[in-house]
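Numbering (this note's numbering), first residue to last: 5 to 596. Yeah, the Cβ is synthetic: ideal placement off N, Cα and C, and Gly gets one too.
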């Protein structure tokens with residue numbers, strides 16, 4: 005049981021013993037004590053004052069005395085300041101924690117839950133870009149955090165591989181490629197196809213301008229442009245199963261998938277199951293019929309099928325067109341049912357940008373009204389867009405920052421910054437290549453994950469790779485420094501630490517407290533679906549350890565007992581930094 009949980013339980017029992025009042029531990033608020041006050045944890049008393057008819061000081065004094073008296077192995081002192089009971093945790097507890105952690109005894113019990121996390125969702129008409137990177141890093145890290153917190157996790161991806169936007173690239177290839185392929189041009193497949201998506205847009209704008217110059221209205225010109233009409237015909241031919249169109253579609257998608265695979269491998273993103281819209285877009289039709297029989301949906305005179313969500317604060321939503329074809333929401337309902345049947349997940353997390361907030365409200369409501377299994381477990385992990393200091397990006401205009409280009413730029417910056425530090429002269433070329441990739445990609449991931457997912461953010465490559473700031477490289481460097489210390493003192497780390505008689509100095513205790521809070525923080529991050537909690541925590545831990553290292557010598561400690569204690573704290577800090585960075589998808593070097 006985490007220390008905070010032990011304190012809540014003890015406070016609950018104390019309130020009953022002293023006043024015969026039943027307060028569940030979960031209803032007791034405990035925070036870390038503010039630095040300006042004496043103590044380690046603070047029990048907030050205000051919720052109980054009215055019922056007990058006591059002053060804050062009287063309740064704090066009675067509760068504090070009871071806790072110290074009944075749990076002397078845990079609590080050694082207390083003070084009350086304006087309704088806040090500050091409790092000091094015994095050194096004996098902290099010493100026991102260090103010994104248990106060193107022996108590897110702390111584990112998180114399995115929850116018995118299966119959680120599905122869907123992320124990435126690329127289109128096969130363009131390469132992955134900066135926005136996709138935030139999506140992939142969020143999805144992958146949430147899956148890793150949930151798994152670390154005891155859940156069984158299934159990572160899924162839905163590929164948008166059909167529709168008018170895919171046909172735009174196909175038409176442009178037919179018109180402008182002259183038979184070129186990724187192999188013949190030496191270009192990565194997803195970039196190759198993305199170029200034709202941009203060419204389509206350029207050609208379309210030119211045709212619209214010509215038609216408008218000839219006297220046509222802009223609205224009509226956009227409909228009558230020959231390249232757009234050809235694209236619409238191609239989509240109809242695809243849906244009709246035209247062999248030539250299907251062959252071109254398979255070839256071009258194949259080029260894109262080869263490119264995606266390279267990018268996914270480079271950024272460390274993977275999936276347990278990939279779904280394709282071309283195989284799922286007809287799903288959900290049976291649920292429309294079912295919904296009609298249950299009066300969840302209703303049919304209009306023209307034959308279209310709708311759901312009325314006005315009583316839920318939304319509006320009426322089309323779920324099937326009058327010609328019997330599905331709309332996006334219908335496909336998503338069908339896919340939600342398919343995924344649930346396949347994996348029997350208790351919860352389904354959709355990592356999708358905040359422009360789709362309304363769509364996912366509707367999806368969850370419809371699934372609930374249809375009483376689909378685990379409908380209550382549908383959760384939209386909505387995140388804000390990523391912008392560069394120069395502003396927004398548009399893929400159809402070719403102004404997006406490709407993921408591959410950004411990763412390559414980050415690796416170059418990592419190389420430059422590392423060479424400036426001048427500490428890698430004994431590395432082989434292969435080791436340097438790995439190190440630059442580890443630092444560059446780590447900086448990118450950490451910068452995108454350190455911000456609350458719901459917030460929009462501006463990505464600044466130079467800022468993200470500062471070795472002294474709130475960055476991934478700062479934590480990586482701290483880990484490498486600790487490993488260097490441990491290598492130099494290898495024999496001492498093998499000695500057993502028994503230091504129950506050695507008082508902990510403030511910075512030793514601060515590091516220990518943070519280490520003890522790590523598993524409860526992981527569980528909080530899993531509950532909140534928020535990797536930024538992990539990023540902030542491990543940054544603060546690295547900062548505190550660096551303060552300890554600057555203030556107190558490890559290898560030349562005052563006593564052998566202190567030396568062993570600090571080496572154990574160093575080893576546990578390195579292990580925790582590695583675990584924390586690991587669930588963010590960021591490796592930490594042994595040396596740098």
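Within the region 267 to 312, the complete alpha helix (DSSP H) segments of 4 residues or longer fall at 281 to 284 and 289 to 297, listed in chain order. Excluding its 5 nearest sequence neighbours in each direction, residue 427 has C-beta neighbours in its own chain below 8 angstroms: 596, listed in chain order. Within a 10 Å sphere around the beta-carbon of residue 157 sit 16 or more other beta-carbons, which makes this residue buried.
DSSP, reduced to helix, strand and coil, places residue 86 outside both helices and strands of the structure shown, so it counts as coil.
In this structure, residue 260 lies near residue 197, with their beta-carbon atoms less than 8 angstroms apart. Taken through DSSP and simplified to helix, strand or coil, residue 326 comes out as coil. The alpha-carbon of residue 362 is positioned some 11 angstroms away from that of residue 317.
Annotation for residue 211: 229, 230 and 231 place their beta carbon closer than 7 angstroms to its own, counting only its chain and skipping 5 residues before and after. Beta-bridge pairing by DSSP links residue 320 to 312. Each residue's CA atom was taken as its position, placing residue 15 and residue 409 some 55 angstroms apart.
Under the DSSP assignment, residue 189 falls in the alpha helix (DSSP H) whose first and last residues are 186 to 189. Linking residue 76 to residue 96 through their CA atoms gives a straight-line distance of about 10 angstroms. Each of 459, 147 and 516 was checked against the Cα of residue 575, and the nearest Cα belongs to 516. With contact defined as three or more Cβ pairs closer than 8 angstroms, the region 548 to 555 and the region 564 to 578 are in contact. Here the C-alpha atom of residue 561 lies approximately 44 angstroms from the C-alpha atom of residue 462. In the three-state reduction of the DSSP assignment, residue 173 falls in the helix class. Counting along the chain, residue 357 sits inside the beta strand (DSSP E) bounded by residues 351 to 357. With a contact defined as Cβ atoms closer than 8 angstroms, residue 587 and residue 217 miss out at about 57 angstroms. Judged by pairs of C-beta atoms under 8 angstroms, the region 383 to 390 does not touch the region 412 to 428, as fewer than three such pairs exist. Residue 140 is positioned such that its CB atom lies closer than 8 angstroms to that of residue 273. For residue 79, the three-state secondary structure derived from DSSP is strand. Inclusion of residue 456 and residue 536 in the CB contact set at 8 angstroms is warranted, their separation being smaller than that value.
In the three-state reduction of the DSSP assignment, residue 6 falls in the coil class, being assigned neither a helical nor a strand state. Burial is judged here by how many other beta carbons sit within 10 angstroms of a residue's own beta carbon; residue 90 has at least 16 and is buried.
At a Cβ-Cβ threshold of 8 angstroms, residue 287 and residue 342 count as neighbours.
Excluding five sequence positions before and after residue 336, the CB atoms of its chain that fall closer than 7 angstroms to its own CB belong to 367, given in chain order.
Scanning 32, 264 and 594 for the CA closest to the CA of residue 128 turns up 264. Residue pairing of residue 120 in beta bridges, as defined by DSSP: 158 and 352.
Residue environment analysis places residue 334 among the buried positions, since at least 16 neighbouring C-beta atoms fall within 10 angstroms of its C-beta.
Sequence-distant partners of residue 106 (beyond 5 residues in either direction) whose C-beta falls short of 6 angstroms from its own C-beta, in its chain, are 572.
Excluding the 5 residues flanking it on each side, residue 176 has same chain C-beta neighbours closer than 6 angstroms at 200, 203 and 204, in chain order. A check of alpha carbon separations from residue 583 across 522, 262 and 163 identifies 522 as the nearest.
In summary, residue 585 is buried, with 16 or more beta-carbon neighbours lying within 10 Å of its beta-carbon over all protein chains present.
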